[in-house]
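Chains Y and L, in that order, give the protein sequences. Residues -16 to 168 (my numbering) make up the first sequence, in order. Residues 221 to 633 (my numbering) make up the second sequence, in order. Note that the Cβ used here is the ideal one computed from N, Cα and C, for glycine as well. Since the structure is predicted, the reported quantities are computational estimates derived from the model, not experimental observations. What follows is a set of notes on a single structure, which appears directly below.
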Amino acid sequence: MIVIEDNDLLAFRHGDNHAMKKVFDTYHQQIYIYAFNLLRDQHEAEDVVAQALEALWRNRSSINNTHHLGSYLYTLTKHLSIDVLRKKKRSTTYITAIEGNEDSYLAEEETSIYDRLDAVVKATLMEKMLEEIGRMAPQRKKVMQLLLASKSVVEIARSMRVGIKSVYTHKYEAFKQIRHILRMK
Amino acid sequence: MINNSTIARIAQLITKYLRNEISAKEKEELEKWINASPNNRSFIVERMKPERVMRELEQVGLIDTEAIWQKVQKLIQPHSVLRIRTIYAVTVAATIALVVVKIVITISTPKTPLAVHSPVEVNCPQIILDDGRVINLDSMNIGDGIVCNGWWMTKTSSYHIAYYPHTDLNGKSHKKHKEVNQLSLPHGMIWSISLPDGSNVQLNAGSSLSYDITPLGERSHGTKMLLEGEAFFDIRHDATAPCSISTSKGTIVVLGTRFDVRNYRADSALIVSLLTGSIVISNGLKKVELKPGQQANIKKRNDSIHVGVDADTALTRSWTFPYFDFTHKNIIQVMKQFEKWYGLESTVYRGSVDTLTPGLLGGGHVSRELSLMELVQTLQQDDLGFSLKGNKFIVSQITRAVLSRHQLIYNRE
């Protein structure tokens, strides 16, 4: 888990490119997941993320602290995504509230409290999972990545040149690892 | 009872748990919440189901980090992608544009911040800062901001601004105890403001809102706002720091709740509609407390406060939605909405008005984002013709004989 330190932030505010890369590495997955959940389109989500990061870079000298940085990125990502949705649905019906908070387009009563909590937690969950997968042993990681790309066990076995039983074992172990993280006592 | 701050807190605790950053005390707090109700428990159980998480992960797919980095680079350094000759032209144009924009922003001579009670007719969304600078919000790029006395005001989307506390590069804050900003909107747009205390205000077209940022940021001893026009308030709850909204006809005091205030100069009364919580309305002489679902009325000449039931809270809020709502409205009410939004003078009706039915205009919902021409096209019905003449709408009843002539006229436009 990459963490932005105070001196990283200071360097970032002064325009240091390495610091920018670090900020990118820290945040781009989270906000991509956030944007993707709203837009359901890979390219649109990528574009929104790039715009949010560029705006952050452009205004780097105004960023106060890491909490500010994160919340600024999230707010930008959310509003840019909503902008995209509004432009897409221009001539048809209204946009249903994707997440309920002060910007909800539905009355509060209509959006379940748990839906809102869900939206907020989802992004972190996804990020944590992807991070965990990134840390897995190479074979196991490869199996997981191909599974996430909707490949079948047979296809995976073929492309990795291993037996199907092997793929199942990797899958089982990977799920066990993930289940371990998700357990709530 | 769950509210916004609970959601934020629980989400934060879950995040910390997932990142193994949770303290023993925080873990206890989270477990307490989980066990507080069966709904909480089932939410957590469902949310953390591995199969569900995997399914969602699959939907997200793999994140193309390299592609996103390339896109970021392209936006940050666009010139590196162009040929040398084009670079020169683009650089020159960009420099000129930069200079022009700079002039536009600073050329407005500083004036004293307007008291919002004076009429503010603007033709672009603007913010007047405490020092008198007038900022044209249209000329700002998304993500850009202005620093004003320890606050950073940033445009986060085409219709939204947010405030963050600001320190300079040495970590010093230059906050003044008073920083009054005024947001004014022309017709045809709704903006929302995220205030530093977590409150949110949606401002309707043709309205103005004045607010003092520093007290709002600290919410230490109450804060004041001035409104002309219409706004929907979602004020964060703070029992120790009431928030008051003043209008020309009356004042509303709240501790934290959601309500709509409508007081346009053209209106015959101030109307306040309460959705949740409780608010106190005063006209300077009397005070009345409102309960959720109630609506208060203060007329112009007669100063008494009338309290009634808001029969349709969804309707009260419908202006905050990105579409026009035609349910329960007759044709005149529908056209008035359009007149107001597009800044047109009036509507001319051909054919007797009560025989004209709105029908299912656009399916009952028409997007506010449509241009005037797109709107006219969307509205056309078999029995109802819509067109524009100068600064007016024309709505005509179409009989069979007229139909072909109307179509001919329409096609010619």
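Counting only beta-carbon atoms, is residue i nearer than 9 Å to chain Y?
i                         : result
isoleucine 296 of chain L : yes
isoleucine 227 of chain L : yes
leucine 206 of chain L    : Shown here, chain L extends from 221 to 633; a query on residue 206 of chain L therefore has no answer.
leucine 238 of chain L    : yes
tryptophan 289 of chain L : yes
methionine 593 of chain L : no
arginine 305 of chain L   : Note that arginine 305 of chain L scores a pLDDT of 40, beneath 50, so its modelled location is shaky and nothing firm can be said.
threonine 201 of chain L  : Past the boundaries of the shown model lies residue 201 of chain L; chain L is included only from 221 to 633, so the question cannot be answered.
tyrosine 431 of chain L   : no
isoleucine 589 of chain L : With the sequence shown as reference, residue 589 of chain L is identified as glutamate, and isoleucine is not the correct amino acid for it. Chain Y contact via Cβ: present.
tyrosine 384 of chain L   : yes
asparagine 259 of chain L : yes
valine 273 of chain L     : yes
isoleucine 551 of chain L : no
Is any beta-carbon of chain L found at less than 9 Å from that of residue i?
i                         : result
alanine 38 of chain Y     : yes
tyrosine 155 of chain Y   : no
histidine 1 of chain Y    : no
alanine 107 of chain Y    : One point to set straight first is that residue 107 of chain Y is threonine, not alanine, in the sequence displayed. Output row for threonine 107 of chain Y: interface = yes.
isoleucine 16 of chain Y  : yes
glutamate 27 of chain Y   : no
aspartate 24 of chain Y   : no
alanine -6 of chain Y     : no
isoleucine 139 of chain Y : no
asparagine -10 of chain Y : no
threonine 49 of chain Y   : no
methionine 112 of chain Y : yes
serine 142 of chain Y     : no
serine 135 of chain Y     : no
leucine 165 of chain Y    : yes
valine 32 of chain Y      : yes
Expressed to the nearest angstrom, what Euclidean distance is found between the alpha-carbon atoms of residue i and residue j?
i                          : j                            : result
glutamate 557 of chain L   : leucine 56 of chain Y        : Per the sequence shown, residue 557 of chain L should be read as glutamine rather than glutamate. Looking at the two C-alpha atoms, the distance is approximately 35 Å.
lysine 61 of chain Y       : tyrosine 17 of chain Y       : 8 Å
aspartate 454 of chain L   : arginine 478 of chain L      : 4 Å
leucine 295 of chain L     : aspartate 364 of chain L     : 15 Å
leucine 108 of chain Y     : methionine 445 of chain L    : 39 Å
valine 136 of chain Y      : isoleucine 242 of chain L    : 37 Å
threonine 374 of chain L   : tyrosine 383 of chain L      : 6 Å
leucine 389 of chain L     : glutamate -12 of chain Y     : 15 Å
valine 481 of chain L      : asparagine 503 of chain L    : 14 Å
valine 508 of chain L      : isoleucine 525 of chain L    : 8 Å
arginine -4 of chain Y     : aspartate 284 of chain L     : 26 Å
phenylalanine 7 of chain Y : tryptophan 289 of chain L    : 8 Å
glutamine 346 of chain L   : glycine 391 of chain L       : 29 Å
aspartate 86 of chain Y    : glycine 418 of chain L       : The pLDDT assigned to aspartate 86 of chain Y is 40, lower than 50, so where the model puts this residue is not dependable, and the model offers no usable value.
isoleucine 618 of chain L  : serine 428 of chain L        : 41 Å
leucine 282 of chain L     : alanine 132 of chain Y       : 7 Å
glutamate 278 of chain L   : asparagine 611 of chain L    : 53 Å
threonine 598 of chain L   : leucine 250 of chain L       : 51 Å
proline 406 of chain L     : phenylalanine 606 of chain L : 25 Å
serine 591 of chain L      : glycine 442 of chain L       : 41 Å
Note the first and the last residue of the continuous alpha helix (DSSP H) segment covering residue i.
i                         : result
methionine 143 of chain Y : 136 to 143
isoleucine 288 of chain L : 285 to 296
methionine 3 of chain Y   : 0 to 22
threonine 152 of chain Y  : 147 to 165
valine 120 of chain Y     : Contrary to the premise, residue 120 of chain Y reads as alanine rather than valine in this sequence. Run containing alanine 120 of chain Y: none; DSSP gives neither H nor E here.
histidine 26 of chain Y   : 25 to 41
threonine 598 of chain L  : 592 to 599
asparagine 424 of chain L : Taken as a continuous stretch (DSSP letters only), asparagine 424 of chain L belongs to no alpha helix (DSSP H), as it is neither H nor E.
Where do the N-terminal and C-terminal ends of the beta strand (DSSP E) with residue i fall, by residue?
i                        : result
glutamate 509 of chain L : 507 to 510
proline 385 of chain L   : 380 to 385
glutamate 448 of chain L : 443 to 454
valine 492 of chain L    : 489 to 496
serine 466 of chain L    : 463 to 466
valine 500 of chain L    : 499 to 502
aspartate 432 of chain L : 428 to 432
alanine 516 of chain L   : 514 to 519
Assuming residue i contacts residue j under a Cβ cut-off of 8 Å, what Cβ separation, rounded to an integer in Å, is found between them?
i                         : j                            : result
valine 354 of chain L     : isoleucine 348 of chain L    : 5 Å
glutamine 13 of chain Y   : glutamate 110 of chain Y     : 5 Å
asparagine 424 of chain L : alanine 451 of chain L       : 6 Å
threonine 467 of chain L  : leucine 447 of chain L       : 5 Å
valine 554 of chain L     : isoleucine 614 of chain L    : Contact flag wrong, Cβ pair sits at about 14 Å.
valine 586 of chain L     : phenylalanine 544 of chain L : 5 Å
isoleucine 491 of chain L : glutamine 514 of chain L     : Between glutamine 514 of chain L and isoleucine 491 of chain L the Cβ distance is about 11 Å, and since that is not below 8 Å, they are no contact.
methionine 409 of chain L : tyrosine 379 of chain L      : 7 Å
leucine 52 of chain Y     : alanine 35 of chain Y        : At roughly 11 Å, the Cβ-Cβ gap does not stay under 8 Å, so leucine 52 of chain Y and alanine 35 of chain Y are not in contact.
Open item on the list: Under 8 Å: do the stretch 149 to 164 of chain Y and the stretch 113 to 129 of chain Y share three or more Cβ pairs, one atom per stretch?
Closed with: Touching, yes, given that three or more Cβ pairs across the two stretches are closer than 8 Å.
TODO: Examine the Cβ distances between the stretch 469 to 476 of chain L and the stretch 489 to 505 of chain L and report whether three or more of them are shorter than 8 Å.
DONE: Yes, the stretch 469 to 476 of chain L is in contact with the stretch 489 to 505 of chain L.
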